[in-house]
Amino acid sequence: MKLLSFLLIICAQQSFAQQSIYDLDLQTIDSNRIMLNTYTGKKMLIAAISPDNLEKSGLVFLDSIQTRYPSLQVIIIPSLDYGGDRNKEIMISISKNKLKKTLVAGADSVSKSSSARQNAVMHWLTHVEENTHFGQDSNTDFQLYLVNESGVLYAALDKGVRLKVLDDVLNQPDFKP
470 MKLLSFLLII
480 CAQQSFAQQS
490 IYDLDLQTID
500 SNRIMLNTYT
510 GKKMLIAAIS
520 PDNLEKSGLV
530 FLDSIQTRYP
540 SLQVIIIPSL
550 DYGGDRNKEI
560 MISISKNKLK
570 KTLVAGADSV
580 SKSSSARQNA
590 VMHWLTHVEE
600 NTHFGQDSNT
610 DFQLYLVNES
620 GVLYAALDKG
630 VRLKVLDDVL
640 NQPDFKP
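Residue numbers (this note's numbering): 470 to 646.
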């Protein structure tokens with residue numbers, strides 16, 4: 470009887486196990502599907518930004534971070550919440566001609582207020598029930614989320630974060646849950 474109770478507890482815990490970010494995928498701006506498990510063992514910086522930031526200093530900033538940290542994967546999700554479907558041609562041109570390793574996803578809803586329409590990766594990043602660490606919504610047009618090498622969300626940073634702070638966060642050693 471004790472063994473049965475123990476097994477039921479284990480099964481119940483496994484049925485409530487959180488989905489890993491590595492179980493998710495993204496559609497790129499050119500309509501390809503990328504499984505995030507491709508980046509297992511790498512830190513990921515996921516940026517939910519407006520297309521205006523792609524055209525201005527935001528792109529230069531994110532590209533410089535990607536160059537500075539070659540073992541990091543920068544993923545840009547243009548936000549429909551901040552006009553993400555505008556300038557699609559510009560976003561495609563930028564992603565093909567100016568970015569070497571930075572991944573640009575297709576425009577999608579990023580904020581919690583989008584509920585059922587929210588991008589699956591953004592849902593995972595903004596719901597503590599999914600990622601077990603943060604429930605911070607995408608409140609600005611340049612929200613940054615950092616996932617470590619083990620797939621743990623360990624930072625959510627607002628627009629205007631200083632490079633020194635971002636460097637400190639990116640230099641944190643990997644930790645497993």
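For each residue, glycine too, the CB sits at the ideal point set by N, CA and C.
Residue i and residue j: beta carbons closer than 8 Å?
i	j	result
Leu635	Leu622	no
Asp532	Thr497	no
Ser583	Asp550	yes
Ala585	Leu495	no
Gln535	Leu541	yes
Starting from residue i, trace the alpha helix (DSSP H) both ways and give me its first and last residue.
i	result
Val638	632-639
Val653	For residue 653 there is no data in the structure shown, the boundaries of the chain being 470 and 646.
Let me confirm a value: residue i is counted as buried when at least 16 other C-beta atoms fall within 10 Å, else exposed. Which label applies?
i	result
Leu632	exposed
Pro547	buried
Asp597	Inspection of the sequence shows that residue 597 is occupied by Val rather than by Asp. It counts as exposed.
For residue i, which residues in the same chain have their Cβ closer than 6 Å to its Cβ, ignoring the five residues on either side in sequence?
i	result
Asn617	Lys512, Tyr623, Asp643
Ile515	Ile544, Tyr614
Gly510	Glu618
Ser489	Gly620
Kindly indicate the opening and closing residues of the beta strand (DSSP E) around residue i.
i	result
Val543	541-547
Gln612	611-616
Rounded to whole angstroms, how far is the Cβ of residue i from the Cβ of residue j, which I believe are closer than 8 Å?
i	j	result
Asn588	Asp577	4 Å
Lys581	Thr595	5 Å
Sorted by chain position, which residues of the same chain lie with C-beta nearer than 7 Å to residue i's C-beta, five sequence neighbours on each side aside?
i	result
Leu493	Leu505, Ala589, Val590, Trp593
Ile503	Asp494, Leu495, Thr497, Leu572
Is any non-hydrogen atom of the ligand MG found closer than 7 Å to the C-beta of residue i, if you look at the structure I gave you?
i	result
Thr609	The ligand MG is absent from the structure shown, which contains no ligand whatsoever.
Take residue i and list the residues in its own chain whose beta-carbon comes closer than 8 Å to its own, dropping the five residues that flank it on each side.
i	result
Asn648	Past the edges of the chain, shown from 470 to 646, lies residue 648, and the structure says nothing about it.
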